[in-house]
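Undergrad: Here's a structure for you.
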Amino acid sequence: MRLVIKVGTSLIAPGGKIDTVRMRALVDQLDLSRHEYLVVSSGAIASGMVHLGLKEKPSSVPQMQACAAVGQSLLMHTYEQLFFGKKVVAQLLLSNDDFTSPVRYKNLQNALNELLKLGVVPVINENDSVSVRELVGAFGDNDELSGLLATAVNADWLLLLTDVDGFYVPNGKRPKIVRTIRKLTAEMEALCDGKSNLGRGGMRSKLRAAKAASESGVHVAIVNGRHPSAIPSGMERKIGTYFPPHDGKS
Ligand code: GLU
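Just so you know, this note's numbering puts 205 at position 202 of the sequence shown, and the rest follows in order with no gaps.
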């Protein structure tokens, strides 16, 4: 199977410090001899910020660009180490144009398919140091990117790993998790509050990415990446919120 695993800033770089223990625990859950994986990793801006000694998320776009460039190299260094002796990793930094221009889209698909054929694990992030439209919030985040990517590589699964257990709805005093979403409604989206702290996404953007990917035939789950077996348990639908593919893939 082909899987896209998206890891959020709050999961792997909470407060801006790269959590290598958490990242190792996630890499150890990958069944590298059986499946193909693409990792969409956030955490560049937050970790770059801390590495540069900045106390809070910069408000100026050039500062964010600089943090992204510094943090991206730290992130890749960490992935290189975690996959050492297991798999070769490759870095791809993408922007919205790579999905909207037919020529660039085809080139992206060619590159990814070749990497997967070579047994490489692509590690993907937004190209935040130059692709500023994403940074200023005019377009998307890594949740959306991972949805587009899952479609581009015809993935079987998209797992959106975050720091909450899934999508919750109000239920008296104890909100309850929705285990399966077949059709995302405007009411569900309206229940999402705010954005995450250091990353750009939030539950709303995860729901939208999940909707888009499931509509193009991908199994999607939003799961808590802190769970010790987040990836296999998410795929077995034991945890998280699951979106079945719309074309009847099973
Ligand atoms: N690309 C950003 C980063 O690596 C994160 C964007 C997002 O949170 O979706 O810091």
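Positions of the beta carbon are idealized from the N, C-alpha and C atoms, including for glycine. None of these values were measured; they are calculated from a predicted model.
With a threshold of 6 angstroms on Cβ separation, who are the neighbours of S253 within its own chain once the five nearest residues in sequence on each side are excluded?
TA: Numbered from 1 along the sequence shown, position 250 holds the residue referred to as residue 253. A caution first: S253 carries a pLDDT of 47, below 50, which makes its placement in the model unreliable, though a value can still be read off. Around S253: no qualifying Cβ.
Undergrad: When you compare each of N113, V92, A93 and V53 to F102 by their alpha carbons, which one comes out closest?
TA: Translated into the one-based positions of the sequence shown, residue 102 becomes position 99. For the residues N113, V92, A93 and V53, the minimum Cα distance to F102 belongs to N113.
Undergrad: Taking the beta strand (DSSP E) that A189 belongs to, which residues open and close that run?
TA: Counting from 1 along the sequence shown, the entry for residue 189 is found at position 186. Counting along the chain, A189 falls outside any beta strand (DSSP E), though it belongs to the alpha helix (DSSP H) covering A189 to A193.
Undergrad: Give me the Cβ distance between A224 and T244, rounded to the nearest whole Å; I'm assuming they're in contact under 8 angstroms.
TA: For this step, residue 224 is matched to residue 221 along the sequence shown. For this step, residue 244 is matched to residue 241 along the sequence shown. So it is a contact: roughly 7 angstroms between Cβ atoms.
Undergrad: Does any residue of chain B have a CB that is nearer than 8 angstroms to the CB of S149?
TA: Of the protein chains in this structure there is only one, and it is not chain B.
Undergrad: Going by the C-beta, is N99 closer than 7 angstroms to any heavy atom of the ligand GLU?
TA: Position 96 of the sequence shown holds residue 99. Flag unset: Cβ of N99 not near the ligand GLU.
Undergrad: Out of I184, T183, F170 and V181, which has the shortest C-alpha to C-alpha gap to G205?
TA: Locating residue 205 in the sequence shown gives position 202, where the first residue counts as 1. With distances taken between Cα atoms, G205 lies closest to F170.
Undergrad: Quick one: Cα of A233 to Cα of D166, how far?
TA: Here residue 233 corresponds to residue number 230 of the sequence shown, with the count starting at 1. Here residue 166 corresponds to residue number 163 of the sequence shown, with the count starting at 1. Straight-line Cα distance between these residues: approximately 11 angstroms.
Undergrad: Within 7 angstroms: the Cβ of I15 and any heavy atom of the ligand GLU?
TA: As a working mapping, residue 15 is identified with position 12 in the sequence shown. No; taking the cut-off as 7 angstroms, the Cβ of I15 has no heavy atom of the ligand GLU nearer than that.
Undergrad: Reducing DSSP to helix, strand and coil, say where L57 ends up.
TA: Position 54 of the sequence shown holds residue 57. DSSP places L57 in coil when its eight states are reduced to three.
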